[in-house]
Amino acid sequence: MFESINWSYILILPVIMGALGGALVLVWWERRALGFFQDRLGPNRVGWFGILQSVADAIKLITKDDWVPPFGDRVLFVLSPIFVAGAMLMAFVVLPLGPGLIIADSNIAILWVLAMSSLAVYGVLLAGLASNNKYSLLGGLRSAAQMVTYEVFIGLSLLGVVILTGSFSLKDVVDAQKDLWFCVPQCVGLVIFVIAGLAESHRLPFDLPEAEHELTAGFHTEYSGMKFALIMAAEYLSLILISALIVILFFGGWHGFGFLPGVVWFGLKFLLVINFFILLRAAIPRPRYDQLMSLGWKILLPLSLLNLLITGALVLWMQ
Amino acid sequence: MFSQLRTLWTVFIHLFQRNETVKYPEEMPYQAPRYRGRIILTRDPDGEERCVACNLCAVACPVDCIALQKTEKEEDGRWYPEFFRINFSRCIMCGMCEEACPTYAIQLTPDFELCEYDRNNMVYEKKHLLIDGTGKYPDYSFWQVAGKTIEGKEKGQAKNELPPVDVKSLLP
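Sequence order for the protein chains is A and B.
Going from the first sequence to this note's numbering is simple: count from 1 and add 16.
Going from the second sequence to this note's numbering is simple: count from 1 and add 1.
So, in structure tokens, the structure goes:
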């Protein structure tokens with residue numbers, strides 16, 4: 017009887033709790049790190065060094081009025097935050113966190129992750145549409161156009177990795193990096209993936225769907241209380257997802273230099289990438305919308321196609 | 002592209018620089034002596050009230066937070082405010098009253114910690130405002146340089162004041 021049970025499903029709960037808890041801690045750590053980058057301290061009052069700041073925020077958000085705009089589409093308005101966060105959590109299923117630490121070793125894992133992060137765009141778009149508000153609609157429109165643009169070559173930039181591995185499975189990708197991490201042969205792909213990942217998770221240099229200086233809060237202008245918290249959690253989940261993907265696809269996943277277990281190496285690299293994203297947020301100003309579009313279509317798309325072409329040609333030539 | 006990388010590096014370096022933050026309730030930030038905070042009423046060097054209830058501060062106040070009423074001391078002829086009331090929930094600490102005051106009576110201090118649970122407690126009466134000292138101007142005594150007669154000082158007896166001209170005399 018027990019042979020038929022896939023024991024890796026036990027990991028579902030820790031992974032979900034870890035991802036959500038990580039998002040909570042990340043909210044605090046990002047504010048703290050931004051503070052350090054800007055020569056101030058950041059939230060340091062609640063708990064030890066302010067680590068319970070997210071709990072305080074959550075208590076505040078729970079006690080807030082959970083308002084649904086009467087002029088919008090009420091059903092879609094309630095559903096879309098669940099949709100965004102749900103799609104983001106689904107993508108965590110296929111991430112290999114360490115040797116053997118994977119919920120589902122799918123043979124289409126890369127496609128699954130990309131599909132789930134694209135599904136989350138529907139949530140954002142519907143949130144903007146259902147609010148029936150100028151700013152929200154503009155934010156939704158922007159996110160749709162931005163996602164369509166960057167969706168194209170977030171896949172293309174990964175195809176180099178897929179060619180070198182010969183498989184869509186993330187476990188195989190990590191195994192193939194035993195000797196040489198893919199950040200060396202696929203450095204162009206790495207740069208493109210980082211930029212596209214930023215745009216995909218609408219992090220700060222590319223947060224045009226929710227640019228607060230132009231669109232108040234973009235697609236989630238009308239959201240309040242826990243629905244807003246869910247959207248924010250989804251944003252941070254997507255940041256965690258993109259960082260984990262970068263580690264897995266380009267920095268050798270759990271492979272390290274021996275003396276530590278694989279999960280610890282994965283965690284260390286993951287923290288480095290997360291902090292790099294926070295540094296990007298602190299340092300780089302937001303581009304104009306047409307700059308974002310022309311960067312995507314005119315530079316990054318040809319570059320990723322070229323990268324794909326050269327990688328494919330080299331692999332064929334080496335055989 | 003290079004400028005973006007340089008920006009990244011510059012911001013990263015700031016990670017290792019000293020924080021500007023002053024942890025306020027635990028450590029007090031430096032207060033300049035001329036910081037404009039809580040308002041006080043000061044006294045002369047001889048210990049009498051400086052305020053002569055001229056109402057200039059109330060006129061100068063842009064938010065009308067000062068209210069006072071003039072009265073006179075029967076025994077020596079000095080003017081003083083019967084009541085002097087500042088509503089600190091309105092006060093914007095602009096210092097106009099201090100500039101308008103001809104007697105250096107009203108002064109602003111570096112104390113900014115004005116917190117009350119009940120808003121009515123933000124209204125300070127004269128007994129809250131009046132201090133025992135002279136504030137920023139220890140030697141200034143308005144009644145000793147003013148031309149007005151009070152008990153113990155006739156016309157012409159103030160500092161830097163000539164004797165009054167006898168308008169009925171023809172002598173130069």
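Where is the CB? At the ideal position from N, CA and C, for every residue including glycine.
As the structure is a prediction and not an experimental result, all values here were calculated from the model.
In chain B, which residues lie with their C-beta within 7 Å of the C-beta of residue i?
| i | result |
| --- | --- |
| D81/A | Residues of chain B passing the Cβ test: none, with the nearest at roughly 25 Å. |
Quick check on the DSSP output: the beta strand (DSSP E) that includes residue i runs from which residue to which?
| i | result |
| --- | --- |
| W80/B | W80 to N88 |
| I107/B | I107 to L109 |
| I40/B | I40 to L42 |
Mind checking which residues open and close the alpha helix (DSSP H) that includes residue i?
| i | result |
| --- | --- |
| A212/A | C203 to E216 |
| L69/B | That residue, L69/B, is in no alpha helix (DSSP H); its beta strand (DSSP E) goes I67 to E73. |
| I26/A | Neither: I26/A is in no alpha helix (DSSP H) and is coded neither H nor E. |
| L175/A | K150 to T181 |
| I326/A | L317 to M334 |
| I290/A | G278 to A299 |
| L113/A | From DSSP, L113/A is part of no alpha helix (DSSP H); its letter is neither H nor E. |
| L105/A | R90 to A107 |
| L341/A | Outside the displayed range of chain A (17 to 335) lies residue 341/A, so it cannot be described from this structure. |
| S310/A | Y305 to S310 |
| E99/B | M97 to A101 |
On a Cα-Cα basis, can you pick out the residue from the options that is closest to residue i?
| i | options | result |
| --- | --- | --- |
| F222/A | V91/A, L246/A, L322/A and R304/A | R304/A |
| I87/B | E162/B, C98/B, E114/B and R79/B | C98/B |
| V110/A | A103/A, I118/A and F235/A | I118/A |
| Y25/A | D188/A, A120/A and P301/A | A120/A |
| R69/A | G88/A, K80/A and L40/A | The amino acid occupying residue 69/A in the given sequence is Gln; Arg does not appear at that position. Measuring from the Cα of Q69/A, the nearest candidate turns out to be L40/A. |
| G136/B | I107/B, R7/B, F143/B and E28/B | I107/B |
| Y81/B | R91/B, C52/B and L42/B | C52/B |
| I256/A | L311/A, W197/A and L288/A | L288/A |
| V49/A | G114/A, I290/A and V71/A | Looking at the sequence itself, residue 49/A is Ala, so the reference to Val does not match. Comparing Cα-Cα distances from A49/A to each of G114/A, I290/A and V71/A, the minimum goes to I290/A. |
| K76/A | E251/A, A329/A and S240/A | S240/A |
| I326/A | D306/A, F53/A and P201/A | P201/A |
| V129/A | M309/A, F286/A and L265/A | L265/A |
| N123/A | G182/A, G274/A, E230/A and D82/A | G182/A |
| C199/A | T232/A, G63/A, L261/A and H229/A | L261/A |
| D191/A | W270/A, N149/A and I258/A | W270/A |
| D55/A | R19/B, Y141/B, V124/B and A54/B | R19/B |
Assign residue i to buried or exposed, taking buried as 16 or more other Cβ atoms, counted over all protein chains shown, within 10 Å of its Cβ.
| i | result |
| --- | --- |
| F17/B | exposed |
| C203/A | exposed |
| A146/A | buried |
| M17/A | Any answer about M17/A is weak, because its pLDDT of 48 lies below 50 and its placement is not dependable; what the coordinates show is given next. By the 10 Å Cβ count, M17/A comes out exposed. |
| L27/A | buried |
| S170/B | exposed |
| A131/A | exposed |
| V43/A | buried |
| H236/A | buried |
| E251/A | buried |
| E21/B | exposed |
| C62/B | buried |
| G274/A | exposed |
| Y166/A | buried |
| H229/A | exposed |
| M334/A | exposed |
| V146/B | exposed |
| Q158/B | exposed |
| M2/B | exposed |
| M248/A | buried |
Residues of chain A with CB under 7 Å from residue i, in chain order?
| i | result |
| --- | --- |
| N20/B | D55, R56 and L57 |
| L16/B | F52 and F53 |
| Q5/B | I300 |
Would a C-beta distance cut-off of 9 Å place residue i and residue j closer than the cut-off?
| i | j | result |
| --- | --- | --- |
| E216/A | S96/A | no |
| L253/A | M104/A | yes |
| P111/B | Q5/B | no |
| V189/A | V177/A | yes |
| L317/A | V168/A | yes |
| F89/B | E126/B | no |
| L157/A | F99/A | no |
| L135/A | M106/A | yes |
| F113/B | D45/B | no |
| G139/A | S152/A | no |
| L214/A | F293/A | yes |
| I170/A | A212/A | yes |
| F13/B | L295/A | yes |
| L246/A | G234/A | no |
Going along chain A in order, which residues have a C-beta closer than 8 Å to the C-beta of residue i?
| i | result |
| --- | --- |
| F13/B | F53, L295 and A299 |
| L9/B | L295, L296, A299 and I300 |
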